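Following our numbering, the numbering of the sequence shown begins with 2 at its first residue and continues without gaps.
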Amino acid sequence: MSELQLSGLLFILIGALPSYLLTNYLEEGKHLTLFSGWYPSKIRDQDAYGSMLCKGVRMFSLAFAVLRILMMLGVVANDMLILIGTFVCLAPLFFSMHRAKRLFGK
Numbered sequence: 002m003s004e005l006q007l008s009g010l011l012f013i014l015i016g017a018l019p020s021y022l023l024t025n026y027l028e029e030g031k032h033l034t035l036f037s038g039w040y041p042s043k044i045r046d047q048d049a050y051g052s053m054l055c056k057g058v059r060m061f062s063l064a065f066a067v068l069r070i071l072m073m074l075g076v077v078a079n080d081m082l083i084l085i086g087t088f089v090c091l092a093p094l095f096f097s098m099h100r101a102k103r104l105f106g107k
């Protein structure tokens, strides 16, 4: 197993999988107040706001895992591609945060 494959596997096991599972736990148990910056006084519909945030974190986790699988397969092996891909994976998360604030914030 090469260094690139090992690092891709570790990123999946330590980064993508726990964030995906934690998001499922937060949404199923309605523990949405554990999100950073959660102010109920600034949110009109807390369930919809939390659901949209959870969807964004899930999409980030899946995009991050796909990037790391591609890294393990050797498709993405350039350092600059890995760095750019990591920042691109953050796009769904920031988009859902912005959209949730715009639609359900006060």
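A virtual CB, placed ideally from N, CA and C, is assigned to each residue, including glycine. In this text the structure is predicted, and so the values were computed from the model without any measurement.
Asked: Distance, Gly30 Cα to Phe95 Cα; Found: 23 Å
Asked: Distance cut-off 7 Å: Ser52 Cβ against heavy atoms of the ligand SAM; Found: What this structure holds is no ligand at all, so the ligand SAM is not there to describe.
Asked: Supposed close pair Arg59, Thr24 - CB separation, criterion 8 Å; Found: 5 Å
Asked: Distance, Leu63 Cα to Phe12 Cα; Found: 12 Å
Asked: Three-pair Cβ contact test at 8 Å for the stretch 45-53 versus the stretch 66-86; Found: no
Asked: Same chain only: Cβ atoms within 7 Å of Cys90, ignoring 5 sequence neighbours per side; Found: Phe61, Ala64, Phe65, Leu68
Asked: Nearest candidate by alpha-carbon position, reference Ser97, set Lys56, Ser37, Leu35, Gly38; Found: Lys56
Asked: Val77 versus Ser8: straight-line alpha-carbon distance, rounded; Found: 13 Å
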